[in-house]
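Heads up: the sequence shown at position 333 corresponds to 333 in the working numbering, and the numbers run straight through without jumps.
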Amino acid sequence: MAKRIRAIGARPRQAVPVRVAKHIERLGLTGATDYLAWCGARGLRASIQKSWSELEVEWSVYGRELASARARLRVDRDPRKLIAGVCAGSISASAIARPSWRSLAERIERAGLTASARDELRVLVELVQRRGNLLLAQAAIGDASYSFVDGLVALCRRRDCWIREPRDWRARSHNARRQFTSLARHLTSRYPVPGFMDGAWLRSDAEAERYRDWFLRIGAGESLRAAAAPIALTKRILHHFLQAPEHYAIEHALRWGQVHALGGDRRLVEALLATRIGVRFDHEEFWQSVIRFFVANPDLDRTHVGPIVDYLENQRFASQDAFVAPGVRAQLPPPQPNLSMSGRSADALLRQVERWHRALGRSAETTSLRWDRSGIDEFELETGTRERDLRVWRIRELLSAEELRHEGSVMRHCVASYAARCARGGTTIWTLELWSFEGVQKCATVEVDEPNRVIVQCRARSNEKPTPRHREVLERWAERERLRFGQFAWGFV
């Protein structure tokens with residue numbers, strides 16, 4: 001009879017003792033592997049050879065976990081008690097089982113409110129939970145998404161500015177954003193306040209307090225002429241500012257007011273908002289002269305606005321990273337630090353932009369720059385059938401200045417100028433490619449603001465918009481990676 005030969009070095013499988021097998025079954029686990037993992041996760045000895053006393057300890061641990069889980073489920077059953085307990089500090093976020101309610105509780109805990117303010121917040125949160133449906137909703141304003149709970153916290157911080165009692169508020173809409181708009185104005189405003197100003201309460205950045213003051217001043221019927229602002233607020237700018245679209249961020253509305261006051265239109269505004277100066281107001285005197293240039297050249301195709309802004313920023317403000325000798329790298333000043341828009345023609349400027357693009361394609365100054373991969377995964381999608389017309393869509397991250405240079409050369413845009421920004425971190429550049437039997441076809445270049453997980457720009461060849469098919473692939477990638485599209489990611493209307 002043939003003998004069974006055990007592989008050299010192999011260890012015989014140990015049988016699970018009967019008492020341990022029954023213990024595993026009582027714990028609701030499916031086998032020895034799950035049991036060993038369960039023990040390891042709780043700091044218990046990971047072995048199937050256990051004494052009766054060890055099994056009793058494990059059963060006690062399981063009982064405590066089960067009781068804690070049941071307690072969390074009881075807490076979740078009554079939202080009103082849950083909210084009151086969180087605001088009072090008697091219920092911890094860690095004791096809440098449902099992720100949505102736990103996230104709400106964590107936001108309240110992080111707010112660091114005083115005892116009186118927490119009590120006001122409890123009244124406000126209970127009110128909107130009973131009369132509205134905004135408590136667990138999110139608001140999209142500009143390129144960011146916000147929690148309405150943060151807005152309620154901010155309103156409570158300004159309790160001394162309330163002019164009406166919360167109990168007198170009634171929800172007039174099922175839309176969460178409109179409910180918050182109505183509540184904020186009920187509490188603080190005697191006069192109409194534009195919808196985009198809601199962001200003042202929802203934001204938590206350095207500018208949020210300033211814009212809350214603006215909200216209160218507008219609601220009181222006061223002028224913003226004397227208010228501190230990143231641009232000069234003329235009467236004409238303020239007139240247009242207050243008419244900006246509701247979905248804009250406040251900085252977008254400032255550009256809207258400025259451009260319209262100078263004689264521009266919506267297409268010019270949205271072309272500018274898709275550039276680096278959309279929400280930046282440094283070197284404002286120069287950029288105002290650029291806006292005047294665009295207004296004075298209405299026949300200039302607005303698809304050129306982005307490349308022109310990139311060129312002007314690079315020439316006037318961007319330090320140049322270059323090798324000044326073999327093995328010696330230095331930061332050189334901007335090529336044209338005194339560049340002015342005075343006397344420039346649109347045709348001449350476009351020729352300069354085109355020469356700059358060609359120079360980026362040939363430049364070897366920054367080709368040594370490389371950076372680490374971001375935390376966002378790449379993407380692959382197969383379409384067609386393997387036997388007939390298989391095509392593969394790939395979205396991959398560009399990780400060096402050389403890759404950006406090649407991308408810009410093929411796609412005929414200036415993505416090569418983003419190398420320094422990518423190396424500093426925060427900005428990531430991606431390419432959408434179509435792979436087939438015919439070879440690799442580049443379809444679109446994508447810029448992602450990684451910290452906020454926002455897709456800032458999606459551009460096809462020569463800064464055109466991606467096709468609907470390209471857009472569909474990008475949307476599937478964004479959904480999987482939980483990325484949001486910025487307001488002007490696809491360009492302007």
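Every residue, glycine too, gets a C-beta built ideally from N, C-alpha and C. All of these numbers come straight from a predicted model, not from anything done at the bench.
Sub-8 Å separation of residue i and residue j beta-carbons
i, j, result
"GLU284", "ILE250", "no"
"ALA410", "THR428", "Checking the sequence shown, residue 410 turns out to be Val, not Ala. Not closer than 8 Å, so no."
"HIS304", "LEU350", "yes"
"GLY195", "GLU246", "yes"
"LEU187", "PRO166", "yes"
"HIS413", "PRO307", "yes"
"GLU433", "CYS443", "yes"
"SER342", "ARG370", "no"
"LEU272", "ARG255", "yes"
"TYR191", "GLY151", "no"
"ILE291", "LEU202", "no"
Three-state secondary structure assigned by DSSP to residue i
i, result
"CYS414", "coil"
"GLY439", "strand"
"TYR35", "helix"
"TYR146", "strand"
"TRP393", "strand"
"THR303", "helix"
"PHE196", "helix"
"GLU58", "helix"
"GLU106", "helix"
"GLU251", "helix"
Own chain residues within Cβ distance below 6 Å of residue i, not counting five before or after
i, result
"GLY237", "Strictly speaking, residue 237 in this sequence is Ile, with Gly absent from that position. The answer, listed in chain order, is GLY257, GLN258, ALA261."
"GLU109", "ALA93"
Rounded C-alpha distance that separates residue i from residue j
i, j, result
"LEU155", "ARG131", "18 Å"
"VAL456", "PHE286", "24 Å"
"ARG484", "VAL454", "5 Å"
"GLU436", "ILE395", "Glu is not the amino acid found at residue 436; the sequence shown has Ser there. Straight-line Cα distance between these residues: approximately 14 Å."
"VAL33", "GLU56", "Note that residue 33 is Thr in the sequence shown, not Val. Cα to Cα, THR33 sits roughly 20 Å from GLU56."
"ALA41", "ALA171", "47 Å"
"TYR211", "ASP198", "9 Å"
"ARG405", "ALA318", "17 Å"
"TRP477", "SER289", "39 Å"
"TRP52", "ARG98", "36 Å"
"GLN441", "CYS458", "16 Å"
"ALA420", "ARG302", "26 Å"
"THR366", "PRO298", "Reliability of the predicted coordinates at THR366 is poor, the pLDDT of 49 falling under 50, and the value obtained from them is presented with this limitation in mind. Cα to Cα, the separation comes out at about 36 Å."
"PHE482", "LEU66", "Correcting the residue type first, residue 482 is Arg in the shown sequence and not Phe. The straight-line gap from Cα to Cα measures roughly 33 Å."
"GLU438", "ASP389", "11 Å"
"CYS87", "ALA137", "19 Å"
"THR114", "LEU121", "10 Å"
"ARG424", "ASP372", "10 Å"
"GLN129", "PHE215", "24 Å"
"ARG461", "TYR146", "33 Å"
"THR385", "ARG480", "23 Å"
Contact belief for residue i with residue j at Cβ below 8 Å, rounded distance in angstroms
i, j, result
"VAL415", "GLU407", "5 Å"
"PHE294", "LEU268", "6 Å"
"TRP169", "LEU183", "6 Å"
"ASP310", "SER417", "6 Å"
"GLY426", "PRO451", "6 Å"
"ASN473", "LEU381", "For the record, residue 473 in the displayed sequence is Val; it is not Asn. Rounded, the Cβ-Cβ distance is 6 Å, consistent with contact."
"LEU44", "GLU58", "6 Å"
"ALA117", "PHE148", "About 17 Å; that fails the 8 Å criterion."
"LEU332", "GLN320", "4 Å"
"TRP430", "LEU398", "7 Å"
Beta-carbon proximity list for residue i, same chain, < 8 Å, skipping 5 on both sides
i, result
"ARG217", "SER223, LEU224, ALA227"
Residues of its chain near residue i, where Cβ-Cβ distance is below 7 Å and the 5 sequence neighbours each way are ignored
i, result
"LYS50", "VAL20"
"ALA364", "Low local confidence applies: a pLDDT of 47 at ALA364 is under 50, so the model's placement there is unreliable, and no value is given."
"ARG276", "VAL309, GLU313"
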